[in-house]
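The structure appears below as C-alpha cells.
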Amino acid sequence: MELGLKEKWAIVCGASKGLGYACAQQLAQEGVNIVLVARTEQALQDSAEQIRREAGTQVIAVAADIATAAGRERVLAAAPQVDILVNNAGGPPPGDFRGFSREDWLAALDANMLAPIEMIKATLDPMIARRFGRIVNITSMAVKAPVDILCLSNGARAGLTGFTAGLARQVVQHNVTINNLLPGKFDTARLHANNTQRAQATGVPLDEEITRQKAAIPAGRFGDPAEFGHACAFLCSAHASYITGQNLLIDGGVYHGML
Ligand code: NAP
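Each residue of the sequence shown is one higher than the one before, counting from 4 in my numbering.
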C-alpha cells in the first residue's frame, strides 16, 4: 500500500534504537525525510547513516535530550518542516512509590508527559495551517493495565493520554490526528536490560526468565520492533485521517479485555 507520505518531514524522538528507530526506519521507507533524535551522538549518527543507506531519504541527526527545553529547541530548529511527530523517550525506572522523591516524579513527568506536550505545542499550529499533521506518542501497555512496579510510568503516561484524548478531538477537523501506540513486550535493548536486571534480582537464569515471559504472551514471542514501526507508519499515513484519539495496544494479545 502506498501511504501517501513521500517527501514529508518527520521528527522522531528517542530514535537511535528500539521502537523509535523502527518508526523512523519504516517512515523513511515510505519516502519521509527524518529528523532523528537521541542523546548519544555516535549511536545516533550510526542509525542515521543506516536509514540513509536503506531508504535514500534525508536524515538530520540531532543529539539532544528531548526532556529538556534546550534539547527540544535544537531539534525544532533543525527541522525544515514538521508534518509528522513521533514522541518517545526512555521510560522511568521501576520501584516502589515509597522510594521515589518529588525530583523522581518531575523527571518522569518531564520525559514522558511534558516533553511530548511541548513538542505538540511547538508543531501543531503549522500542521493545522497546512491541513496535514500526524502525531504519534509511544506510551506503554501500562496505560491500559498499570504495572505495580512502574508507578512513575503509570502516572506520567496516564497524564499524557488524558491530555491527548482531549486535544485530538479539537484538531482532527484540520486533518491533524493524534494517537498513542502502546507497546507490550518488544525485543529491544530496554527489554533486554530489564530482563537481565530481573534475572539477577530473582536468581532465575536469564533464558528461563525469557521463556517464562514468552509463555505469558498469547503470540508466544516478543514483538519485533519492525512490527511496531509498520503500525506507526500506517497511523501517519494519508489513509489514517479518520483515526484519532486512539490508544492502539500492540502486545501479541496479552491484554485480556474486549475494549
Ligand atoms: P530503547 O531500546 O532503550 O531505546 C530508547 C531510545 O530513546 C534510544 O535511542 C535512546 O537513546 C533514546 N532516548 C532515551 N531517552 C531520551 C531522551 N531523554 N531524549 C532523547 N532520546 C532519548 O527503548 P525501547 O524499548 O525502544 O522503548 C521506547 C519507549 O517505549 C520507552 O519509553 C519504554 O518505556 C516504552 N516501552 C517499551 C517496551 C518494550 O518492550 N520495549 C514496553 C513498554 C513500553 P539515548 O539513550 O542515546 O538517548
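Glycine residues also receive a C-beta, built at the ideal position from the N, C-alpha and C atoms. As the structure is a prediction and not an experimental result, all values here were calculated from the model.
Would you mind sorting residue i into buried or exposed? The rule is 16 or more other CB atoms within 10 Å of its CB.
i	result
leucine 312	Not covered by the structure: residue 312. The range shown for the chain is 4 to 262.
valine 150	exposed
leucine 184	buried
glutamate 76	exposed
proline 208	exposed
arginine 24	Sequence check: residue 24 is tyrosine here, not arginine. Tyrosine 24 is buried by the Cβ-count criterion.
aspartate 113	buried
serine 240	buried
glutamine 200	exposed
leucine 262	exposed
glutamine 29	buried
Please classify residue i: does DSSP put it in a helix, a strand, or coil?
i	result
threonine 43	coil
arginine 134	coil
leucine 262	coil
isoleucine 253	strand
asparagine 91	coil
glycine 226	strand
isoleucine 141	strand
alanine 236	helix
alanine 18	coil
Round the Cβ separation of residue i and residue j to the nearest angstrom and send it over; I've been treating them as touching at under 8 Å.
i	j	result
alanine 27	leucine 47	No, alanine 27 and leucine 47 are not in contact; Cβ-Cβ is about 11 Å, not under 8 Å.
methionine 144	proline 186	6 Å
glycine 260	glycine 226	So it is not a contact: roughly 19 Å between Cβ atoms.
alanine 67	valine 78	5 Å
Got a sec: does the ligand MN put a non-hydrogen atom nearer than 6 Å to the Cβ of residue i?
i	result
isoleucine 69	This structure lacks the ligand MN; its bound ligands are the ligand NAP.
Quiz item: Which ranges would you report for the beta strand (DSSP E) in the stretch 143-218 if only whole runs of at least 3 residues count?
Solution: If we require 3 residues or more, the beta strand (DSSP E) runs fully inside the stretch 143-218 come out as 179-186.
Quiz item: Quick one: complete alpha helix (DSSP H) runs, 4+ long, within the stretch 49-130?
Solution: Qualifying alpha helix (DSSP H) stretches, in chain order: 72-81 and 105-112.
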